[in-house]
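Trainee: Quick note on the working numbering: the sequence shown kicks off at 2 and runs consecutively.
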Amino acid sequence: MKIFLAGPFKEKEDEKLLEGVYNLLTNNGYKVWWSPKKVEKGYDSNDINLCNEIKKEEFGAIEDSDLLVAVMKKSTFGTSFEIQHAEDCKIPVIGYILEDHPDFSSGSFKATVKDIVKNEGELLEHVKRYKN
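(1) DSSP beta-bridge partners for Gly-96?
(2) For Phe-5, which residues in the same chain have their Cβ closer than 6 Å to its Cβ, ignoring the five residues on either side in sequence?
(3) Using the three-state DSSP reduction, which class does Lys-11 fall into: helix, strand or coil?
(4) Using beta-carbon positions only, say whether Ala-112 and Ile-95 come within less than 9 Å of one another.
(5) Can you tell me which residues form a DSSP beta bridge with Lys-32?
(6) When DSSP labels each residue in this structure, what does Asn-50 get in the three-state scheme?
(7) With respect to the alpha helix (DSSP H) encompassing Phe-82, which residues constitute its N-terminal and C-terminal limits?
(8) I'd like the list of long-range same chain contacts for Pro-9, defined as Cβ closer than 7 Å, with 5 residues on each side in sequence excluded.
(9) Mapping DSSP to helix, strand and coil, what is Asp-101?
(10) Can you name, in chain order, every residue of its own chain whose Cβ lies under 8 Å from the Cβ of Gln-85, other than the five neighbours on each side?
(11) Beta carbon of Lys-132, beta carbon of Glu-100: below 9 Å?
(12) Excluding sequence positions up to five away, which residues of its chain have a Cβ less than 8 Å from the Cβ of Lys-38?
(13) With H, G and I counted as helix, E and B as strand and the rest as coil, what does DSSP make of Ser-107?
(14) If you compare alpha carbons, which of Ile-98, Lys-32 and Lys-91 is closest to Ile-117?
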């Protein structure tokens, strides 16, 4: 099963968290696509061509995935776009919510991210459900 791992990684703490989830999933036999492992870091770039290439590669990877796992403390534009693209492509989304935040109370979030987990054990359990 192929999983697209989404979530902000601008801060080192967030990148370490996401890397932990990446390692958890890959160590359990899943193929995981995660931007820092697949594309050069160009997210702070003002080069619109580079930004378009990154978006194209990310959206292609989402389309090629069986599942999207979004790791979030709050909603961010990038992760929201990835979640919306997954929904448009009929790819299920698991929201791994690290902290309670008002963003996660919105009707549009609840309607889009129907599968919510709050720890690594729940995440693995829910991912296995999609595998079967």
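In this text, a Cβ means the ideal position worked out from N, Cα and C, and glycines have one as well.
Mentor: Reading from the atomic positions:
(1) Ala-71 and Ile-117
(2) Trp-34, Ala-62, Ile-63, Ser-66 and Leu-69
(3) Coil, per DSSP.
(4) no
(5) Lys-3
(6) helix
(7) 78 to 89
(8) Asp-15, Thr-77, Gly-79 and Thr-80
(9) Asp-101: coil per DSSP, three-state reduction.
(10) Thr-113
(11) In this structure, Glu-100 does not lie closer than 9 Å to Lys-132 by Cβ.
(12) Closer than 8 Å at Cβ, skipping near neighbours: Tyr-23.
(13) DSSP places Ser-107 in the coil class of the three-state scheme, outside both helix and strand.
(14) Ile-98
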